[in-house]
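Heads up, the thing below is written out as structure tokens.
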Amino acid sequence: MSQEVEFEVPKWSQLYKMLLLIADKIRKDNFKPDIIVGVSRGGWPPARVLSDLLENPNLANVRAEF
């Protein structure tokens, strides 16, 4: 028996605004991540954008399967 799963898919403009807010919070905390990791089930593009916003080229991905 399969279970019904609900999820929300934000528009790219909404996602970009969220990434701008996250990057701003990270900068205000003076946090400088050694690496940014994107999960390859949809998290790679946001991780790449965050990498650009934080001017941090150290980017890796993690594969997730279910």
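So the sequence shown is residues 12 to 77, counted in our numbering.
Glycine included, every Cβ here is placed at the ideal spot set by N, Cα and C.
The beta carbons of residue 48 and residue 58 sit closer together than 9 Å. For residue 71, there is no enclosing alpha helix (DSSP H); the residue is found in the beta strand (DSSP E) stretching over 70-73. Note on geometry: alpha-carbon atoms of residue 54 and residue 75 lie some 10 Å from one another. When DSSP states are grouped into helix, strand and coil, residue 37 belongs to the helix group.
The beta-bridge partner set that DSSP reports for residue 47 consists of 70.
In the structure shown, residue 28 adopts helical secondary structure according to DSSP, grouped into three states.
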